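>
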Amino acid sequence: MTKLTSLHSLLAQSNAEALLLRRVSSFAWATEGAASYVNTAATEGAASLVITREKCYLATNNIEAPRLQAEEKLAEQGWEFVVSPWATPLKGLNELLTGKTFISDVPFGNGKDVSAELARLRAHLTPAEGQRLRELGRLCADSITAAAQALQPGMTEYEIAALLGGEAQKRGLQPIVNLVATDGRGYRHPLPTAKKLEKYALLVLSSRQRGLVCSVSRMVHFGKIPAELERKIRAAAQVNAAFIAHSRPGATLGRLLEIGQTAYAGAGFPGEWQHHHQGGVIGYEPREYIATPGGTDVLAAGQALAWNPTVQGAKMEDTILLGETSNEIVTSTPLWPVEMVEVPGFPPVPCALALEM
């Protein structure tokens with residue numbers, strides 16, 4: 003089923019005349035990777051797509067239209083441009099939707115919000131998108147490796163984030179999540195600060211390329227790793243391996259969360275899962291949707307996931323691609339030591355531990 007066919011089916015199911023896509027992620031998904039944003043932190047772009055049963059429109063302003071036509075080549079894809087003056091950028095879009103019953107991926111006017119349904123559509127990657135994700139994973143892994151090799155005690159978290167972001171940008175990636183924690187900053191989402199690295203650093207990267215997003219986290223320690231930190235790292239590895247091994251087509255996210263909860267308890271940290279979401283399906287968002295208690299979303303081959311178990315300062319995170327017969331970790335980093343973690347009933351799962359420098 004093509005993407006356009008899927009969108010037409012959503013229109014029919016919703017008894018709507020038009021579908022509005024304003025999210026940066028939805029725009030990229032529908033256009034095979036085109037960029038609609040100017041502000042890289044924006045959820046909604048400077049161009050929108052409107053799909054009816056008869057036509058496909060691209061509504062934007064006269065600033066963005068030339069690039070979208072010349073560089074993204076969207077007219078060649080069949081999108082009919084509706085261009086508004088920059089002073090009234092939504093004029094053409096509003097005219098397209100006036101008098102129509104429509105659905106939307108964001109709250110907009112009288113449109114019905116179908117953002118959850120669209121996230122599920124985006125999450126089913128085509129074979130071509132799977133190949134793009136593999137390349138993106140390799141580049142993310144190379145970026146975090148290069149940044150780690152350049153670390154020096156005394157660097158601030160700001161400087162480390164600059165290294166990590168710079169390595170991603172050099173490879174044509176957009177670092178949309180760039181987190182750094184050093185020595186004792188055990189926050190689950192550690193925004194970089196002026197704190198200086200002494201011995202331990204956690205690097206977290208989610209990068210975007212042509213719309214797709216890939217996530218990876220790695221730990222670095224200068225000198226011998228303390229026993230207590232080592233215990234937490236290996237506990238996180240046990241949970242990570244359980245998540246990855248059991249993430250097979252047909253499994254539900256709710257059941258996988260239960261498996262993770264059991265793994266936390268078995269590793270000596272019961273209840274640790276309550277301090278942070280554990281990850282979920284990745285695609286055109288850092289997480290299209292996450293695993294929640296009782297979640298009924300069913301995994302399918304071709305989807306990608308990023309689990310991110312944490313144990314009080316230790317974190318595991320890789321992006322995996324689900325295959326028909328096995329999973330593929332697309333963010334492997336050969337520089338890091340790997341533990342092959344046993345999971346009953348499955349092949350051992352490679353988990354990157356902390357890198358001793």
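Numbering (the working numbering), first residue to last: 3 to 359. Note that beta-carbon positions come from the ideal geometry of N, C-alpha and C, so glycine has one too. Source: prediction; values computed, not measured.
Using three-state DSSP, classify D185 as helix, strand or coil.
If DSSP states are grouped into helix, strand and coil, D185 belongs with coil.
> Could you say which of A196, H277, A303, N329 lies nearest to F245 if we only look at CA atoms?
The shortest Cα separation from F245 among A196, H277, A303, N329 belongs to N329.
> Taking the CB atoms as reference points, tell me whether P288 and I178 lie closer together than 8 angstroms.
Going by C-beta atoms, P288 is nearer than 8 angstroms to I178.
> Between the C-alpha atoms of L13 and A306, what's the straight-line distance to the nearest angstrom?
Going by the C-alpha atoms only, they are around 26 angstroms apart.
> Give the single residue among E34, R69, K5 whose Cα lies nearest to the Cα of I53.
The residue with the shortest Cα to Cα distance from I53 is K5.
> L337 to L357, Cα distance in whole Å?
Distance between the alpha carbons of L337 and L357 is about 8 angstroms.
> Given this structure, state the Cα-to-Cα distance separating L231 from Y202, to the nearest angstrom.
Between L231 and Y202, the C-alpha separation is close to 10 angstroms.
> Going by other Cβ atoms of all chains shown within 10 Å of its Cβ, with 16 needed for buried, is N310 buried or exposed?
Buried.
> Tell me H223's beta-bridge partners as DSSP assigns them.
Looking at the DSSP assignment, H223 forms a beta bridge with Y202, E358.
> For a quick check, are the C-beta atoms of H279 and I292 less than 8 angstroms apart?
Their beta carbons are under 8 angstroms apart, which means H279 touches I292 by this criterion.
> Terminal residues of the continuous alpha helix (DSSP H) containing N96?
Unbroken alpha helix (DSSP H) run through N96: 93-99.
> Once you ignore the five residues that flank I261 on each side, which residues in its own chain have a CB closer than 8 angstroms to its CB?
Hits under 8 angstroms: A244, F245, H248.
> The alpha helix (DSSP H) with L166 in it runs from where to where?
159-172 is the extent of the alpha helix (DSSP H) around L166.
> Should L22 and A32 be called a contact, given that it needs their Cβ atoms to be closer than 8 angstroms?
Going by C-beta atoms, L22 is not nearer than 8 angstroms to A32.
> Quick check: the Cα distance between V26 and A238, rounded to an integer number of angstroms?
Their backbone Cα atoms lie some 33 angstroms apart in a straight line.
> Under 7 angstroms Cβ to Cβ from L120, same chain only, skipping five residues before and after it: list those, please.
Hits under 7 angstroms: S28, D107.
> Distance, Cα to Cα, E97 vs E344?
Cα-Cα distance, rounded: 59 angstroms.
> Taking 6 angstroms as the limit between beta carbons, can you name the residues of its chain near M157, skipping five residues before and five after?
Only L199 meet the Cβ criterion.
> Look at the Cβ atom of G213, then the Cβ atom of A67, and state whether they are nearer than 8 angstroms.
It is not a contact, given that the beta carbons lie outside the stated cut-off.
> What are the boundary residues of the beta strand (DSSP E) that includes V7?
First, the residue type needs correcting, since residue 7 is Thr and not Val in the sequence shown. Segment 5-16 is the alpha helix (DSSP H) holding T7; no beta strand (DSSP E) there.
> Measure the alpha-carbon distance for R173 versus P352 and round it to whole angstroms.
Cα-Cα distance, rounded: 26 angstroms.
> Determine which residues share a DSSP beta bridge with F83 and list them.
Its beta-bridge partners are L60.
> Taking its Cβ as the centre, do 16 or more other Cβ atoms sit within 10 Å of Q133, making it buried, or is it exposed?
Q133 is exposed by the Cβ-count criterion.
> What residues in its chain sit with their C-beta under 6 angstroms from that of P339, if we drop five residues either side in the sequence?
Here the set comprises L355.
> Measure the alpha-carbon distance for R187 versus N112 and round it to whole angstroms.
Between R187 and N112, the C-alpha separation is close to 45 angstroms.
> Among Q171, V313, T321, which has the Cα closest to the Cα of E274?
Out of Q171, V313, T321, V313 has the C-alpha closest to the C-alpha of E274.
> Cα separation between G270 and Y39?
So the two alpha carbons sit approximately 45 angstroms from each other.
> Kindly provide the ranges of any alpha helix (DSSP H) runs that are 4 or more residues long and lie completely inside the region 266-322, ordered along the chain.
DSSP runs (the alpha helix (DSSP H)) wholly in the region 266-322: none.
> V343 lies in the beta strand (DSSP E); which residues open and close that run?
Per DSSP, V343 belongs to the beta strand (DSSP E) from 340-345.
> Residue range of the alpha helix (DSSP H) that R212 falls in?
Careful: R212 lies outside any alpha helix (DSSP H) and carries neither H nor E.
> Quick one: measure Cβ to Cβ for E319 and S219, integer angstroms, because I've assumed they're closer than 8 angstroms.
4 angstroms between Cβ atoms; contact.
> For N112, which of helix, strand or coil comes out of DSSP?
Coil.
> Can you have a look at V241 and say buried or exposed, based on whether 16 or more other CB atoms are within 10 angstroms of its CB?
Answer is buried; the Cβ neighbour count reaches 16.
> R69 and G285 - do their beta-carbons sit closer together than 8 angstroms?
Cβ atoms of G285 and R69: not closer than 8 angstroms.
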